[in-house]
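Here it is in structure tokens:
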């Protein structure tokens, strides 16, 4: 495994795939999440995060190497009936989408993919910590322009039908944390909020999260965060949703990386 450090971007050639996956080094620190308070900030350690979400092309290689995750063979204990439903067959996504973020993937499948790469899913706190950065600041949550941009991304229909990597890189060099797909986290159900009850039975609806829990948010920063936490609270691990993808994280190997 070869590490090349340049501008906080680390390229890892996975032993499980011939593709090279770019990861960004996120320097740890403390932050106050939506559910926290200033007296007890959350501490986040240094970690690596994929620069872009996992694509159809990358996921195809995974299912070929791990046939138990093919659409026709996956256990319904680990993925619902929507799993990879937009694929032509077990190993052929819809034409022209190889560089799009893979969606309709359950938490179990996303977790298995990351583990096959020697990685893991990011925690909620890691994801939120990385996602609070804009292009210039580690924490841009109080910037009204940044928050308006984030919310516009949530309101864009069919945003998952776009290639990865086209959004501006944030402070850490990470792209597409906003405005493309919702993303699985390792502990997605660790913080429970009450979301809007409409469409709860439709696990494949893009509106099932609705942001109902955000109704009392008093600013754009809280509104956007409420939408994310409410969405996560509505999920079950076997759900496969057309607007929900994922990316992988990795603990920093201090012997291989010298930030």
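Residue numbers (our numbering): 22 to 280.
Using N, Cα and C, we set each Cβ at its ideal position, and we do this for glycine too.
Please read all numbers here as calculations on a predicted model, not as lab measurements.
Buried or exposed: where does residue 98 fall if 16 or more other Cβ atoms within 10 Å of its Cβ makes it buried? Translated into positions along the chain shown, residue 98 becomes position 77. By the Cβ neighbour-count rule, residue 98 is exposed, with fewer than 16 other Cβ atoms within 10 Å of its own.
At which residues does the alpha helix (DSSP H) containing residue 169 begin and terminate? By 1-based counting over the chain shown, the position of residue 169 is 148. Residue 169 -> alpha helix (DSSP H) spans 165–176.
Which partner residues does residue 122 have in the DSSP bridge list? Translated into the one-based positions of the chain shown, residue 122 becomes position 101. Answer is 76.
Can you give me the C-alpha to C-alpha distance between residue 79 and residue 85, rounded to a whole angstrom? By one-based count along the chain shown, residue 79 stands at place 58. By one-based count along the chain shown, residue 85 stands at place 64. Each residue's Cα considered, the two are about 10 Å apart.
How many angstroms separate the CA atom of residue 145 from the CA atom of residue 61? As a first step, residue 145 is located in the chain shown; it is residue number 124 there, counting from the start. As a first step, residue 61 is located in the chain shown; it is residue number 40 there, counting from the start. So the two alpha carbons sit approximately 17 Å from each other.
Straight-line gap, residue 142 to residue 130 (C-alpha atoms, nearest Å): Numbered from its first residue, the chain shown carries residue 142 at position 121. Numbered from its first residue, the chain shown carries residue 130 at position 109. Computed Cα separation, rounded: 11 Å.
Would residue 66 be called buried (16 or more neighbouring beta carbons within 10 Å of its own) or exposed? Here residue 66 is taken as the residue at index 45 of the chain shown, counted from 1. It counts as exposed.
How about residue 162 and residue 204: do their beta carbons lie closer than 9 Å? Counting from 1 along the chain shown, the entry for residue 162 is found at position 141. Counting from 1 along the chain shown, the entry for residue 204 is found at position 183. In terms of Cβ geometry, residue 162 and residue 204 do not form a close pair [threshold 9 Å].
Assuming residue 155 and residue 191 form a contact by the criterion Cβ under 8 Å, report the distance between their Cβ atoms to the nearest whole angstrom. Taking the first residue of the chain shown as position 1, residue 155 is located at position 134. Taking the first residue of the chain shown as position 1, residue 191 is located at position 170. About 6 Å separates the two Cβ atoms, so the contact holds.
N-terminal and C-terminal residue of the alpha helix (DSSP H) that residue 132 is part of: Numbered from its first residue, the chain shown carries residue 132 at position 111. Segment 128–137, the alpha helix (DSSP H) holding residue 132.
With a Cβ-Cβ cutoff of 9 Å, do residue 168 and residue 137 count as a contact? Taking the chain shown and counting its residues from 1, the one referred to as residue 168 is at position 147. Taking the chain shown and counting its residues from 1, the one referred to as residue 137 is at position 116. No, the Cβ-Cβ distance between residue 168 and residue 137 is not below 9 Å.
Report the residue from 121, 109, 101 whose alpha carbon sits nearest the alpha carbon of residue 184. Looking up residue 184 in the chain shown gives position 163. For the residues 121, 109, 101, the minimum Cα distance to residue 184 belongs to 121.
Proximal residues to residue 134 (C-beta, below 7 Å), its chain only, five neighbours per side dropped: For the purposes of this step, residue 134 is taken as the residue at position 113 of the chain shown. Result list for residue 134: 75, 80, 83, in chain order.
For residue 181, count the other beta carbons within 10 Å of its own beta carbon; 16 or more makes it buried, fewer makes it exposed. Which is it? By one-based count along the chain shown, residue 181 stands at place 160. Its Cβ being crowded by 16 or more others within 10 Å, residue 181 is buried.
Hey, could you find the ends of the beta strand (DSSP E) residue 65 is sitting in? Translated into the one-based positions of the chain shown, residue 65 becomes position 44. Note, residue 65: beta strand (DSSP E), 63–65.
Span separating the alpha-carbon of residue 91 from that of residue 58: Within the chain shown, the letter at position 70 stands for residue 91. Within the chain shown, the letter at position 37 stands for residue 58. When rounded, the distance between both Cα atoms is 43 Å.
Straight-line Cα distance separating residue 247 from residue 56: Start at 1 with the first residue of the chain shown, and residue 56 comes out as number 35. Start at 1 with the first residue of the chain shown, and residue 247 comes out as number 226. Approximately 9 Å, taken between the alpha carbons.
If you reduce the DSSP assignment to three classes, tell me which class residue 270 lands in. Here the question's residue 270 lines up with position 249 in the chain shown. The answer is strand: DSSP assigns residue 270 an E or B state.
Report yes or no: is there a C-beta of chain D within less than 9 Å of the C-beta of residue 106? Among the chains in the structure shown there is no chain D, since it carries only a single protein chain.
Taking just the CA atoms, how far does residue 149 sit from residue 45? The sequence position of residue 45 within the chain shown is 24, counting from 1. The sequence position of residue 149 within the chain shown is 128, counting from 1. Using only the alpha carbons, I get a separation of about 15 Å.
Would you check if the distance between the CB atom of residue 253 and the CB atom of residue 210 is smaller than 9 Å? Taking the chain shown and counting its residues from 1, one reaches residue 253 at position 232. Taking the chain shown and counting its residues from 1, one reaches residue 210 at position 189. Taking 9 Å as the Cβ cut-off, residue 253 and residue 210 qualify as a contacting pair.
Can you look up residue 52 in the DSSP assignment and give me helix, strand or coil? Here residue 52 is taken as the residue at index 31 of the chain shown, counted from 1. In the structure shown, residue 52 sits in a strand (DSSP, three-state: E or B).
What did DSSP end up calling residue 60 once you bin it into helix, strand or coil? Residue mapping note: residue 60 aligns to position 39 of the chain shown, counting from 1. DSSP places residue 60 in the coil class of the three-state scheme, outside both helix and strand.
Whose C-beta lies closer than 6 Å to the C-beta of residue 174 among residues of the same chain, with five residues either side of it excluded? Numbered from 1 along the chain shown, position 153 holds the residue referred to as residue 174. Cβ neighbours of residue 174 beyond the five flanking positions: 199, 200.
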